[in-house]
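Worksheet: one structure, shown below.
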Amino acid sequence: MRLLLVEDEERMAQALCEILRQESYEVDHCADGLEGLYAAETGLYDGIVLDVMLPGKDGFSIASELRSQGVRTPILMLTAKSELDDKVTGLDCGADDYLTKPFMTRELLARVRALLRRNIPTADGRLAFGDIALNTRTSELICGENRVRLSEKEFRILEYLMSNQGQILTREQLAVKIWGYESEAEYNNVEVYMSFTRRKLHFVKAKTESKAVRGIGYELRYGYV
Ligand code: CA
């Protein structure tokens with residue numbers, strides 16, 4: 000697995016390269032935003048760890064340029080502060096996940112592993128999991144011969160769950176990703192919309208289920224009894 004690290008703080012970058020290489024990742028490092036963008040555009044990488052504040056070009060602009068060019072390499076954004084604005088802007092720009100500095104090595108490695116497991120849509124825009132597929136162009140949920148159109152929020156929830164197969168997504172992650180905000184109200188929305196998506200899964204007679212994991216969040220399961 001080959002990673003691109005775009006980080007300008009030298010000590011931080013050195014430490015991250017070392018940690019990631021110890022885990023047997025091949026790591027290329029860029030200290031400048033523009034240089035990082037050019038490297039990422041090659042499409043050679045399985046994942047990108049991207050700092051926000053960079054000389055040359057900031058992490059948000061890099062992420063959105065890559066996405067607008069159709070480069071779908073998963074991106075983990077490193078934000079310098081815990082401000083929600085940073086997380087939301089990062090996810091809006093097309094980053095897949097964010098991690099707030101300072102972070103624990105263990106946390107970084109867990110996020111990188113999760114990033115590399117991400118399910119990426121095929122060239123024709125289909126995202127598959129278990130017995131279901133999502134047409135990301137028409138927002139249709141498909142199971143065999145059955146299909147149903149999803150509302151915008153239902154689509155984004157299922158897309159997020161299917162992209163992160165094998166992972167439990169917390170209510171917090173879902174609230175930030177779908178509503179751009181975390182609060183009690185958004186947590187309730189997550190539950191309401193999760194029940195809507197369950198109905199759509201039921202409608203197309205899918206065996207794939209969106210399961211609530213008590214006290215943690217939600218995950219997609221297929222093939223469990
Ligand atoms: Ca920086």
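Going by numbering that gives the first Met the number 0, the letters in the sequence shown line up with residues 0 to 224, in that order. Positions of the beta carbon are idealized from the N, C-alpha and C atoms, including for glycine. Note that this is a predicted model, so its numbers are computed, not measured.
Answer yes or no: the CB of Leu53 versus the heavy atoms of ligand 1, is any distance below 7 angstroms?
Flag set: Cβ of Leu53 near ligand 1.
Pull the bridge partners of Val212 from the DSSP assignment, please.
In DSSP, Val212 forms a bridge with Gly216.
So does Tyr95 have its beta carbon nearer than 7 angstroms to some heavy atom of ligand 1?
In the sequence under discussion, the amino acid at residue 95 is Asp, which differs from the Tyr named in the question. Not so, every heavy atom of ligand 1 lies at least 7 angstroms from the Cβ.
Here's the rule I'm using: 16 or more other beta-carbon atoms within 10 Å means buried, otherwise exposed. How should Ser162 be labelled?
buried
Compute every distance between the C-beta of Glu8 and the non-hydrogen atoms of ligand 2, then say whether any falls below 7 angstroms.
Ligand 2 is not part of the structure shown, which contains ligand 1 as its ligands.
Over what stretch of residues does the beta strand (DSSP E) that includes Thr78 continue unbroken?
74-78
State yes or no: is the C-beta of Asp50 nearer than 7 angstroms to some heavy atom of ligand 1?
yes
Once DSSP output is grouped into helix, strand and coil, what is the label at Ile177?
helix
Bridge partner(s) assigned by DSSP for Phe102
According to DSSP, which records beta bridges pairwise, Phe102 is partnered with nothing at all.
Limits of the unbroken alpha helix (DSSP H) element including Ile61:
58-67
From Gly216, Tyr24, Glu6, Leu108, residue whose alpha carbon lies closest to that of Ala30:
Glu6
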